[in-house]
Every structure is written in structure tokens, then in C-alpha cells.
Amino acid sequence: MSNQPDTADGLPLALGLAGRRVVVFGAGPGAAAKLALLDDTGADIRIHDDAPACAELAGRLIRPLHPLPDLAGTRLVVIAPEIDDATTALIAEAAAAAGALVHAVDRPALSDVTLPALVRRGPLQIAIHTGGRFPALASVLRQRLEALLPPGLGAAVTAAGSRRGEIARRLTDPAARRRFWRDLAARLLDHPDISPDMAVDDLLREDLPASSRQIKPGGQVRQGGRVDLVGAGPGGPGLLTRDAARAIEAADVVLYDALIDPAILELARREARRIPVGKRCGAHAMRQAAISALMVRLAGEGLHVVRLKGGDPAIFGRLDEELGALDAAGIPARIIPGVTAAAAAAAHLRRPLTLRGAARSVSLVAGHDLAGDLPGAIEALAAADGTLAIYMGRDRAPAIVAALIAAGRDPAQPAAAVEWAGRAEARSVQVPLAMLPDALVGLDADGPVTILVGEAIAVSATAARPADAEGRDAA
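Plus 131 on top of the position in the sequence shown (first one is 1) and you've got our numbering.
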């Protein structure tokens with residue numbers, strides 16, 4: 132590695148292009164990438180190429196490259212990498228004579244400026260520039276920032292900016308005003324779902340007495356108090372949605388189930404409270420009524436509460452009870468879906484859940500229901516021609532299998548059981564339905580097990596079927 136001192140190649144500036152002419156030479160993939168950055172600037176963009184060969188630019192007016200156009204009045208010239216070196220040099224010379232700035236992609240010696248990797252949220256723009264030394268790093272950083280920044284941040288910038296005059300009138304002290312804007316920025320980043328106007332109003336009321344932070348008659352809560360009911364999926368952080376990860380990162384309190392991967396909890400802020408409330412194998416950390424009451428109380432104190440559930444909150448997650456309690460108390464609540472265990476189990480097995488002509492439906496069932504709590508369900512499920520996904524069925528597998536076969540399911544029908552679906556330590560068995568209880572004993576599973584039953588389980592995800600050649604739509 133070089134020991135040369137780090138130096139900056141130029142100073143990043145925001146170049147106003149609205150209404151100004153920008154000329155792009157080249158109509159291939161390289162030009163298309165630059166046009167994606169330029170299209171939202173309001174510039175008068177003109178493209179020149181003698182042999183355009185990029186489907187992304189189909190329908191756009193492309194003028195000839197030769198003879199070179201008159202560049203008088205042009206603000207910026209972009210020369211794509213598909214233009215040869217000799218032509219690039221001629222274009223750069225003509226642009227300099229016309230007083231235009233030049234960006235020759237991958238040819239810094241001929242460039243006045245470079246177009247950086249750009250993260251854009253409306254008027255908010257973040258430029259990443261390595262001076263051409265490590266463009267791949269700039270690209271990776273851009274992707275990570277794209278995932279980090281809330282999609283609605285641009286709208287928040289616009290809305291907050293529209294109230295600058297009001298804030299200046301109400302906060303005449305410069306230090307107080309600076310503190311307000313810093314606090315507003317932090318709040319909008321920590322709570323991407325809150326409206327900018329609500330955040331502004333909330334900050335302006337920060338001098339309210341502590342007693343006003345409690346739930347008031349009529350179910351009203353202090354501004355900012357709310358609950359996110361978040362599906363954590365069946366595995367580690369990789370299976371979280373971006374919305375789920377952002378909610379966890381922004382939470383003041385995380386109430387989590389027993390099977391949540393500890394790596395997911397590490398996403399929470401260091402100062403956030405983490406409270407275990409889940410149950411496993413019938414052992415309760417906290418009763419459901421107490422969980423609901425705790426959510427209402429914490430949100431009533433103005434806190435952002437995340438109720439973190441394994442899988443998807445709408446599937447065997449008591450969503451109705453928790454959402455009902457929050458609605459009754461007037462607590463704003465948002466539901467963030469998660470990957471359910473059946474999908475993760477099928478992915479682990481490399482098997483589909485649906486299959487044209489054989490399995491056009493998927494039934495999600497709790498194992499204790501099939502073991503006798505809902506005897507009428509057995510006959511209907513045994514008669515269904517789709518895939519059966521049984522949750523929480525490990526300890527009742529012998530009774531479940533016996534009941535399904537007695538109700539008409541074929542003992543030879545394909546079946547599988549996956550322990551810890553969605554995690555690196557996942558294990559599985561695939562056997563005929565009648566053999567599943569013994570196979571589970573051999574698996575010696577002590578983690579959560581998802582059972583899948585149906586014809587789709589026997590089909591390799593890469594196996595070709597005659598129906599594929601017919602071009603029919605997928606199920």
C-alpha cells in the first residue's frame with residue numbers, strides 16, 4: 132500500500148443545471164447511468180451518438196455525433212466511456228473552447244468535474260467521490276446509505292424547509308433555533324414514520340410539564356408515543372425488512388419474543404430498553420394482557436415502542452389482541468410484516484409451496500389446533516389439495532400425523548420438518564407423511580419446527596415439468 136499522504140481531488144460543489152443545456156455524448160449503458168443522475172436536475176439534456184445501442188434510451192431523441200455539435204451556451208458536457216479516446220479528446224477541446232465543464236467518464240485527465248455516486252432523497256443529496264481511485268467503494272457506500280436513509284426523507288426536508296420562516300419568528304434566540312433544527316433532524320431520522328409537521332409541533336411543545344406526558348382522558352397520548360408491531364422473521368437480521376430494521380434502530384423500548392435472534396436485538400440503540408415478553412413451550416415471560424397493558428403505558432409516556440415478534444405478526448402472533456388494546460387506548464400503531472416460517476422452511480428445502488396442477492393453496496395451521504382443539508379442521512385440511520404448513524407442531528407430531536391420515540391424507544404423501552427455519556443452524560428431514568414422527572425423533576430437535584405436507588414438497592426447485600413448456604402463467 133502507498134504511504135503517500137491522503138489528499139482531496141477537488142472540492143465537491145452543487146452545480147445548478149435547471150434550464151441549462153447539458154450535452155451527453157454516447158448512448159450506451161455508460162451514458163444511461165449518467166443520464167439517471169441528470170434527468171431530475173431540470174436541465175435541457177441533449178444526447179449525441181452515431182450508433183445508439185442501449186435499450187434503456189429507447190424513445191429518447193438522439194442526435195448524430197458527427198459532425199460535432201456547436202457547444203456554445205452549454206453548461207456541462209458528459210462523455211460516456213463508449214466514446215473512443217480520439218473523439219473524446221476532440222469533444223473536450225471543443226467544450227473548453229465553448230466554456231463548458233467536461234466530465235469524461237474514466238478519463239480524469241480530460242475532465243474538469245466528475246459526477247459522484249449519489250444518494251438522492253428529493254432535495255437532499257449525498258455525494259460520494261473517491262477521485263477515481265476506488266469507484267467500487269463509492270458504489271457500495273451508496274448502496275448502504277440507500278438502505279440506511281428512510282425513503283420519505285426528501286419529503287421531510289421539503290416540509291421542514293417550508294416552516295423555516297415560522298420557526299425563525301417563534302425562536303428568536305439563535306442558539307435555541309440551532310438546537311431546534313438539530314433535534315428535528317435527529318427525530319426525523321430516528322422516527323421515519325412520523326410526519327414532519329407533527330415532529331415540528333412536538334418539539335415546540337417540549338416545555339410541557341411532565342404530567343402532560345401521561346395518557347389523557349379520551350385515550351389521547353403525548354405526542355410521539357406510538358407502537359410498531361414488527362415481524363422479525365424466523366432468522367437473523369438478514370431476513371428483516373428495511374422498515375423493520377429502521378423501527379428497531381429508532382425504538383426507545385423493544386418488547387421481544389423468546390425466539391428472537393440476539394443479533395436482531397443488537398440493532399437497537401444502546402440506550403433503548405429491551406424487555407423480554409415472549410413465551411416458549413408454554414412458559415410465559417409475561418401474560419398477553421400484561422404485554423398489551425405495558426405497550427399502552429409505555430407509548431402513553433411518549434415513547435416509541437417496538438413489539439418484536441418472530442415471523443409475521445399477523446400469523447399466530449395475537450395481533451388482534453394487541454392491536455385492539457392499542458386502538459382502544461388511542462395509541463398510533465403500525466404493522467410491519469415479516470417473513471413467515473413456512474416460507475423460510477420451503478427456502479431451506481429448496482422446494483416450492485405451490486405447484487401448478489397439484490398445490491394451488493397453502494394452509495397455515497397451529498399444531499395444537501390439529502391435535503384436538505379444533506377437531507372439525509382435520510377433515511377439511513385432509514381433503515385440501517394444497518400444501519399444509521404446520522406451526523408449533525413438534526411435540527404433537529404423532530397425534531397430528533395420525534389424525535391427518537385417519538381423515539384421508541395419503542400416508543405416502545411427501546412431508547418435511549425444518550428446525551430453526553431461516554437460521555444458519557437449520558436442520559431438516561424429508562420423508563413420507565407416515566414416517567414423519569419417527570424422523571423427528573431421529574432429528575432430536577429442541578428448537579421451533581415447521582412441518583410441511585403436500586405434493587409440492589417432493590418437487591425440486593430446479594426440476595423441469597411438462598407444464599413449464601406450455602408457457603402457462605404461474606400459480
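The beta-carbon is built from N, C-alpha and C at its ideal position, and this holds for glycine as well.
Closer than 7 Å: residue i CB and nearest the ligand NAP heavy atom
{"i": "Glu187", "result": "Ligands displayed in this structure: none; no statement on the ligand NAP is therefore possible."}
Residue i - partner residues in DSSP beta bridges
{"i": "Glu550", "result": "Arg558 and Val580"}
{"i": "Gln274", "result": "Paired residues: none, contrary to the question."}
{"i": "Val384", "result": "Arg404 and Val436"}
{"i": "Val154", "result": "Arg177 and Val208"}
{"i": "Pro483", "result": "According to DSSP, Pro483 bridges with nothing at all."}
As assigned by DSSP and simplified to three states, the class of residue i
{"i": "Gln419", "result": "helix"}
{"i": "Asp333", "result": "helix"}
{"i": "Ile395", "result": "helix"}
{"i": "Ser133", "result": "With a pLDDT of 49 at Ser133, under the threshold of 50, the modelled position of this residue cannot be trusted; read the value that follows with caution. In this structure, Ser133 counts as coil in the three-state DSSP scheme."}
{"i": "His435", "result": "strand"}
{"i": "Asp359", "result": "strand"}
{"i": "Gly204", "result": "coil"}
{"i": "Ala145", "result": "coil"}
{"i": "Val427", "result": "helix"}
{"i": "Ala589", "result": "helix"}
{"i": "Thr518", "result": "strand"}
{"i": "Pro348", "result": "Confidence at Pro348 is low in this model, with a pLDDT of 40, below 50, so the placement of that residue should be treated as unreliable; the coordinate-derived value is given next. Of the three classes helix, strand and coil, the one that applies to Pro348 here is coil, per DSSP."}
{"i": "Ala91", "result": "With the chain represented from 132 up to 606, any question about residue 91 goes unanswered, as that position is not in the structure."}
{"i": "Ala389", "result": "coil"}
{"i": "Ala194", "result": "Reading off the sequence, residue 194 comes out as Arg, not Ala. Strand at Arg194."}
{"i": "Gly364", "result": "strand"}
{"i": "Leu512", "result": "helix"}
{"i": "Pro281", "result": "coil"}
{"i": "Ala490", "result": "strand"}
{"i": "Pro545", "result": "strand"}
{"i": "Arg603", "result": "With a pLDDT of only 35 at Arg603, under the threshold of 50, the placement of this residue in the model should not be trusted, and no figure is reported."}
{"i": "Pro327", "result": "helix"}
C-beta contact flag for residue i and residue j at 8 Å
{"i": "Ala258", "j": "Leu249", "result": "yes"}
{"i": "Ala167", "j": "Arg151", "result": "no"}
{"i": "Asp383", "j": "Arg465", "result": "no"}
{"i": "Ala128", "j": "Thr303", "result": "Given that the chain is displayed from residue 132 to residue 606, the structure contains no residue 128 and the question cannot be resolved."}
{"i": "Leu279", "j": "Arg252", "result": "no"}
{"i": "Leu207", "j": "Ala231", "result": "yes"}
{"i": "Ala538", "j": "Glu510", "result": "yes"}
{"i": "Ile536", "j": "Ala489", "result": "no"}
{"i": "Leu169", "j": "Asp180", "result": "no"}
{"i": "Val436", "j": "Leu386", "result": "yes"}
{"i": "Ala576", "j": "Glu550", "result": "yes"}
{"i": "Gly367", "j": "Ala394", "result": "yes"}
Start and end residues, alpha helix (DSSP H) containing residue i
{"i": "Pro568", "result": "Leu567 to Leu574"}
{"i": "Val532", "result": "Ala528 to Ala537"}
{"i": "Ala158", "result": "That residue, Ala158, is in no alpha helix (DSSP H); it is neither H nor E in DSSP."}
{"i": "Arg540", "result": "No alpha helix (DSSP H) contains Arg540, which DSSP labels as neither H nor E."}
{"i": "Ala497", "result": "Segment Val493 to Ala497 is the beta strand (DSSP E) holding Ala497; no alpha helix (DSSP H) there."}
{"i": "Ile298", "result": "Arg295 to Arg301"}
{"i": "Asp314", "result": "Pro305 to Asp321"}
Enclosing beta strand (DSSP E) for residue i [first to last residue]
{"i": "Asp175", "result": "Asp175 to His179"}
{"i": "Val288", "result": "Val288 -> not in any beta strand (DSSP E); alpha helix (DSSP H) instead, spanning Leu284 to Gly292."}
{"i": "Ile467", "result": "Ala464 to Ile467"}
{"i": "Ile406", "result": "Arg404 to Pro407"}
{"i": "Ala248", "result": "Ala248 to Arg252"}
{"i": "Leu454", "result": "Careful: Leu454 lies outside any beta strand (DSSP E), inside the alpha helix (DSSP H) at Leu450 to Ala459."}
{"i": "Pro259", "result": "First, the amino acid is wrong: residue 259 is Ile here, not Pro. Start and end: Leu255 to Ile259."}
- Task: Ignoring anything shorter than 4 residues or poking outside the region 210–243, list the alpha helix (DSSP H) runs there in chain order.
- Result: 216–229
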